[in-house]
Amino acid sequence: MSRAAKPTQAERAKAEADAKKIVARNKKARHDYHLDEVLEAGLSLWGTEVKAMRAGRASLVDGWVEFDRGEAWLRDVHIPEYAQGTWTNHAPRRRRKLLLHKEQIAKWAVASREKGHTVVPLELYFIGGKAKVSIALARGKQEYDKRQTLRERQDEMEARRAMSLRNHG
């Protein structure tokens with residue numbers, strides 16, 4: 450009869466450091482786009498940007514990804530200036546380099562040039578102390594697609610509510 454050993458304080462600290470800590474989510478992206486493919490990319494940041502993100506401050510709402518001369522760049526993502534920063538502070542909406550493999554950049558650059566396709570950021574987070582961004586190759590939804598998605602979600606909620614009442618009623 451063996452019992453699982455209780456994790457030590459060091460093991461708990463390591464597990465906590467390796468956990469995914471989400472800083473920002475782009476909820477509107479799932480509403481406005483059909484997401485075809487999702488990819489995790491590293492993010493090249495300055496020191497004050499990392500500190501501002503660790504404080505839980507960032508916005509992906511207007512963000513998009515640009516491909517330029519074999520490099521991927523995250524554009525219009527707002528990371529506010531660090532409050533305790535000095536003259537070394539960063540510009541809140543500067544373009545930030547995405548860390549991806551050359552083959553991934555080439556593939557996604559070609560795909561994003563197709564009509565109606567774009568690359569949008571979904572989440573900004575830390576894993577193991579490293580800043581990451583989840584990006585998606587997306588196709589824009591028409592207005593009727595958005596209404597259809599809302600209708601399906603509402604029907605699903607009503608069905609779940611009816612099942613709950615039936616089971617607990």
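Residues in the sequence shown are numbered from 450 upward in steps of one, following the working numbering.
Quick reminder that beta carbons are idealized off the backbone N, C-alpha and C, glycines included.
Quick caveat, the model's predicted, so the values are computed rather than measured.
Own chain, CB closer than 7 Å to residue i, minus 5 neighbours either side, in chain order
| i | result |
| --- | --- |
| Lys546 | Ser493, Glu520 and Trp522 |
| Val510 | Asn475 and Lys477 |
Classification of residue i by the beta-carbon crowding that lies within 10 angstroms, buried from 16 upward
| i | result |
| --- | --- |
| Lys476 | exposed |
| Gly589 | exposed |
| Ala580 | buried |
| Val487 | exposed |
| Ala459 | exposed |
Selected residue, minimal CA-CA separation from residue i, among the options
| i | options | result |
| --- | --- | --- |
| Arg596 | Ile471, Asp511, Tyr482 and Asp467 | Tyr482 |
| Val568 | Ala608, Lys579 and Glu515 | Glu515 |
| Arg543 | Asn616, Glu460, Ala608 and Glu498 | Glu498 |
| Ala555 | Gly491, Arg479 and Arg518 | Arg518 |
| Ala473 | Gly505, Gln591, Gly565 and Leu548 | Gly505 |
| Lys463 | Leu484, Asp604 and Gly578 | Gly578 |
| His480 | Ala611, Gln553 and Thr598 | Thr598 |
| Leu484 | His566, Asp604 and Glu601 | His566 |
| Ala587 | Pro456, Trp557 and Leu614 | Trp557 |
| Ala585 | Met612, Arg610 and Gln553 | Gln553 |
Helix, strand or coil at residue i [DSSP, three-state]
| i | result |
| --- | --- |
| His550 | coil |
| Trp557 | helix |
Neighbourhood of residue i by C-beta, 6 Å cutoff - its chain only, sequence neighbours within 5 removed
| i | result |
| --- | --- |
| Ala507 | Val472, Ala473, Ile528 and Leu573 |
| Val582 | Ala490, Leu492, Pro570 and Leu573 |
| Ile576 | Lys469 |
Contact the stretch 501–517 vs the stretch 544–561: 3+ CB pairs below 8 Å: Touching, yes.
Cβ pair count under 8 Å reaching 3, the stretch 455–473 against the stretch 572–586: Segments in contact, yes.
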